[in-house]
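Data block below; observations after.
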Amino acid sequence: MMGSINNLLKSPTTLLILSLIVWTTSPLVVEARVHHHKWEVKYQFKSPDCFQKLAVTINGMTPGPTIYARQGDTVVVEVKNSLFTENVAIHWHGIRQIGTPWSDGTEGVTQCPIVPGDTFTYKFVVDRAGTYIYHGHYGMQRSAGLNGMIIVSVPDGVTEPFSYDYDRSILLNDWWHKSTYEQAAGLNSVPFVWIGEPQSLLINGRGNFNCSLAGAGVCNATTPDCSPYVLTMVPGKTYRLRIASIASLSAFNFELEGHSMTIVEADGNYVEPFVVKNLNIYSGETYSVIVKADQDSSRNYWAALNVITRKPGTPTGLGIINYYLNSPKKSPPTDPPSGPIWNDTTYFLRQSQAIKARQGYVTPPPPTSDRVITLLNTQNKIDGRIKWAMNNMSFTLPDTPYLVSLKQRLHHVFNQKPAPETYDSKNFDVFGVAKNTNATSGNSIYRLKFNSTVDIILQNVNTMTVNNSETHPWHLHGHDFWVLGYGIGKFDPMNDPKKYNLVDPIMKNTVPLHRYGWTALRFRADNPGVWAFHCHIEAHFFMGMGVVFEEGVAKVGRLPSSIMGCGETKRFLRH
Ligand SMILES: *[C@@H]1O[C@H](CO)[C@@H](O)[C@H](O)[C@H]1NC(C)=O
Ligand SMILES: *[C@@H]1O[C@H](CO)[C@@H](O)[C@H](O)[C@H]1NC(C)=O
Ligand SMILES: *[C@@H]1O[C@H](CO)[C@@H](O)[C@H](O)[C@H]1NC(C)=O
Ligand SMILES: *[C@@H]1O[C@H](CO)[C@@H](O)[C@H](O)[C@H]1NC(C)=O
Ligand SMILES: *[C@@H]1O[C@H](CO)[C@@H](O)[C@H](O)[C@H]1NC(C)=O
Ligand SMILES: *[C@@H]1O[C@H](CO)[C@@H](O)[C@H](O)[C@H]1NC(C)=O
Ligand SMILES: *[C@@H]1O[C@H](CO)[C@@H](O)[C@H](O)[C@H]1NC(C)=O
Ligand SMILES: [Cu+2]
């Protein structure tokens with residue numbers, strides 16, 4: 000049924016007719032609209048930080064076009080792959096895909112890749128107002144520039160619990176000069192070649208690389224591509240800034256010099272407002288902050304983007320807050336903010352803990368859970384290559400997407416043994432270098448009882464380097480989860496759950512696992528489908544840092560044939 004609607008919707012004329020039917024037959028959904036987008040994905044030369052490289056663009060742009068919609072609307076995106084030699088898939092990050100798990104855009108999990116020359120149509124309902132993102136979910140393609148924002152406004156007649164004069168978006172990213180192919184090949188080589196720290200940090204797709212360091216590359220410091228992002232503010236006015244991070248590696252601290260920010264939204268959920276001088280934001284997270292243009296308006300100010308949680312090897316990313324009537328080119332008279340000390344974990348932990356659901360908008364979590372899955376995050380070695388593993392299993396994607404193999408009961412295409420539920424927590428030293436770093440790779444998954452309540456305990460440890468631990472932003476597809484708590488050190492299953500916030504925890508889709516720490520999450524497995532849960536650092540997921548959950552797959556409607564074509568799915572294609 001859904002498959003045939005999908006096909007029907009490929010025609011704009013049908014679209015219009017369908018929307019009219021919706022308008023005239025049901026007064027309740029009178030406002031619901033269908034937004035139709037046609038995107039062509041291709042490589043183009045771009046110089047976002049003045050240094051020219053091939054970037055993956057959408058209709059010629061990186062970041063891609065922003066999708067605007069209203070809560071309850073349907074978004075249809077026809078994606079044509081014009082990359083010539085590379086597959087593609089696009090994930091709609093934060094959109095839960097209720098009833099449309101095949102539109103999640105996760106290659107190997109919910110669909111086969113879109114091969115060069117093909118067009119694939121994503122169609123989904125944006126069921127909740129908020130700030131979201133989209134990005135490539137095939138290989139390490141997101142890093143190549145395939146990303147953008149989704150802004151969903153509240154329905155007509157609904158007011159938000161805060162007010163502002165202007166709405167602006169700020170997409171944050173880190174940027175490398177090497178191609179993502181070269182990065183991926185390095186990560187998969189013996190000896191292993193790490194991607195290194197980014198060359199630049201980008202604010203709305205603009206950075207500033209020092210061209211005298213460019214060597215043989217084409218670098219032009221005056222090309223308009225890399226002129227800094229300018230946020231023009233009218234004195235006395237209030238701004239809602241929708242800030243999102245699509246970073247491949249870095250955790251960020253974002254600061255507007257001289258201006259405090261009031262955090263009001265996180266990952267599409269209202270936050271009990273609190274004021275910060277600067278915002279720690281991890282890859283895959285989105286926030287809305289309220290900023291007032293209340294400073295001396297005779298000068299400009301810096302917008303500063305700094306790396307945190309890894310020893311910085313990249314200059315501060317800079318934009319300009321331009322008070323209206325000053326020249327937007329006028330440099331602020333001060334040094335840009337350098338951000339907090341990169342390893343001040345206590346500071347990062349405190350800000351994470353301060354994020355609570357807004358009073359009046361709290362969805363309390365179920366008081367208990369049916370199952371607890373503990374995921375020990377370790378850095379490992381397999382056949383001489385560095386990997387990441389959860390409970391000793393480094394994740395690999397099967398050739399046949401799970402959604403198809405599970406729905407069609409193809410038991411031989413991935414390991415049917417349940418993925419490991421926990422680890423030997425008594426004997427594991429969280430702060431020391433692991434004694435035996437060998438792991439195994441696998442593609443087994445967690446099958447969750449439909450509508451059960453599941454707790455996930457993410458446990459961080461030392462890496463293979465002495466006195467080193469890394470921050471991992473974990474992202475769950477198909478759900479928001481309640482963030483029950485954070486801590487540093489080894490999670491104590493007896494005492495730590497007593498400290499869980501069961502009163503007003505924030506719901507999010509992405510959450511940091513701090514260095515040497517633990518993070519506890521709870522969600523209800525009530526969205527029929529197959530959902531990835533993974534570290535949002537592009538290289539880490541590539542190195543196996545992810546797991547997959549199945550829930551209620553028997554309830555999933557007929558799969559569209561457009562998601563098939565690879566591995567064992569070919570047998571379901573009609574000839
Ligand atoms: C750019 O790099 C050159 C060479 O290292 C250095 O002399 C110069 O100060 C740098 N410029 C800036 C703006 O950092
Ligand atoms: C750099 O870009 C500017 C602006 O597009 C252009 O006028 C100039 O010729 C370029 N310089 C070089 C060396 O290509
Ligand atoms: C933070 O890193 C610096 C080196 O960059 C080091 O000197 C310092 O001891 C570290 N602090 C903590 C709390 O780990
Ligand atoms: C770890 O793996 C390496 C090669 O893959 C092997 O030589 C070594 O014996 C393993 N060590 C242990 C303790 O299993
Ligand atoms: C991980 O797997 C390796 C090799 O299979 C094994 O030697 C090691 O003890 C395991 N480590 C843990 C923490 O279970
Ligand atoms: C899921 O569980 C909740 C709480 O037990 C219950 O209220 C709800 O009806 C259940 N939903 C379905 C679809 O079973
Ligand atoms: C690691 O940290 C411990 C405790 O802070 C310290 O005693 C030790 O010297 C450090 N080791 C190295 C190699 O830095
Ligand atoms: Cu990670």
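Numbering (numbering that gives the first Met the number 0), first residue to last: 0 to 574. Where is the CB? At the ideal position from N, CA and C, for every residue including glycine. Here the structure is a predicted model, which is why all the values come from computation and not from measurement.
Environment of residue i [buried if 16+ CB atoms lie within 10 Å]
i, result
"Gln182", "buried"
"Trp193", "exposed"
"Lys489", "buried"
"Leu27", "Note on Leu27: pLDDT 49, under 50, position unreliable in the model; the coordinate value appears next. By the neighbour-count rule (16 or more Cβ atoms within 10 Å), Leu27 is not buried but exposed."
"Pro472", "buried"
"Ser211", "exposed"
"Met542", "buried"
"Leu572", "exposed"
"Phe83", "exposed"
"Val29", "Note that Val29 scores 48 on pLDDT, short of 50, meaning its location in the model is unreliable; the coordinates nonetheless yield the value given after this. Result: exposed."
"Leu457", "buried"
"Ile305", "The question names Ile, but residue 305 in the sequence shown is Asn. The residue is buried, with at least 16 neighbouring Cβ atoms inside 10 Å."
"Met232", "buried"
"Tyr281", "buried"
Anticipated Cβ contact below 8 Å, residue i with residue j, distance rounded
i, j, result
"Leu248", "Pro197", "7 Å"
"Asn111", "Gly564", "First, the residue type needs correcting, since residue 111 is Cys and not Asn in the sequence shown. Yes, Cys111 and Gly564 are in contact; Cβ-Cβ is about 5 Å, under 8 Å."
"Ile149", "Ser168", "The Cβ separation is near 10 Å, so there is no contact."
"Val40", "Asn80", "6 Å"
"Asp479", "Lys507", "6 Å"
"Tyr346", "Pro339", "5 Å"
"Gly185", "Phe394", "With 8 Å as the limit, Gly185 and Phe394 do not qualify as a contact, their Cβ atoms being about 19 Å apart."
"Ile289", "Val275", "The Cβ separation is near 11 Å, so there is no contact."
"Ala54", "Thr61", "5 Å"
"Glu256", "Ser287", "With a Cβ gap of about 20 Å, Glu256 and Ser287 do not count as contacting."
"Ser244", "Gly283", "7 Å"
"Gly235", "Ala292", "6 Å"
"Thr179", "Gln140", "6 Å"
Given residue i as reference, the closest of the options once Cα atoms are compared
i, options, result
"Glu420", "Leu375, Gly441 and Lys434", "Leu375"
"Asn268", "Ile94, Pro332 and Ser168", "Ile94"
"Ile381", "Thr73, Thr261 and Asn437", "Asn437"
"Ser337", "Phe347, Ser440 and Ile307", "Ile307"
"Pro160", "Arg357, Tyr445, Met544 and His474", "Arg357"
"Asp369", "Asn500, Ile455 and Pro190", "Ile455"
"Leu171", "Ala553, Asn414 and Arg205", "Arg205"
"Tyr322", "Ser282, His258 and Leu278", "His258"
"Glu553", "Gln407, Pro311 and Ala143", "It is worth fixing the name first, because residue 553 is Ala in this sequence and not Glu. Checking every option, the nearest Cα to that of Ala553 belongs to Gln407."
"Asn500", "Gly528, Gly431 and Pro363", "Pro363"
"Arg446", "Ala418, Gln140 and Thr99", "Ala418"
"Thr221", "Met232, Asn209 and Trp517", "Asn209"
"Val510", "Leu483, Gly156, Thr367 and Phe427", "Leu483"
"Val465", "Tyr515, Thr285, Asn207 and Val502", "Tyr515"
Contact check, residue i vs residue j, beta carbons under 8 Å
i, j, result
"Asn146", "His134", "yes"
"Val217", "Gln51", "yes"
"Ile97", "Tyr121", "no"
"Ile385", "Phe191", "yes"
"Gly566", "Val429", "no"
"Leu348", "His513", "yes"
"Val613", "His34", "With the chain covering only 0 through 574, there is no way to say anything about residue 613."
"Tyr238", "Tyr165", "yes"
"Asp266", "Pro47", "no"
"Thr56", "Gly144", "yes"
"Asp579", "Val125", "No answer is possible for residue 579: the residues shown for the chain start at 0 and end at 574."
"Gln70", "Val153", "yes"
"Ala433", "Thr470", "no"
"Gly316", "Leu230", "no"
"Arg298", "Pro327", "no"
"Cys279", "Gln350", "Checking the sequence shown, residue 279 turns out to be Asn, not Cys. Yes."
"Asn203", "Tyr228", "yes"
"Met392", "Thr439", "yes"
"His476", "Trp530", "yes"
"Pro400", "Gly104", "no"
Whole runs of the beta strand (DSSP E) within the region 294 to 319, excluding any shorter than 3 residues: Listed in chain order, the complete beta strand (DSSP E) runs (minimum 3 residues) inside the region 294 to 319 are 300 to 307.
Which full runs of the beta strand (DSSP E) of 3+ residues lie inside the region 465 to 540, going along the chain? Qualifying beta strand (DSSP E) stretches, in chain order: 471 to 475, 480 to 487, 509 to 512, 516 to 523 and 528 to 534.
Please list the segments of the beta strand (DSSP E) lying wholly inside the region 379 to 457, counting only runs of 3 or more residues, in order along the chain. If only uninterrupted beta strand (DSSP E) runs of at least 3 residues are considered, those enclosed by the region 379 to 457 are 384 to 389, 392 to 394, 439 to 441 and 445 to 447.
Give the list of continuous beta strand (DSSP E) stretches no shorter than 3 residues that lie fully inside the region 192 to 266. The qualifying runs are 199 to 202, 229 to 232, 237 to 244, 250 to 255 and 260 to 265.
Whole beta strand (DSSP E) elements within the region 114 to 143, 3-residue minimum: DSSP runs (the beta strand (DSSP E)) wholly in the region 114 to 143: 118 to 124 and 129 to 135.
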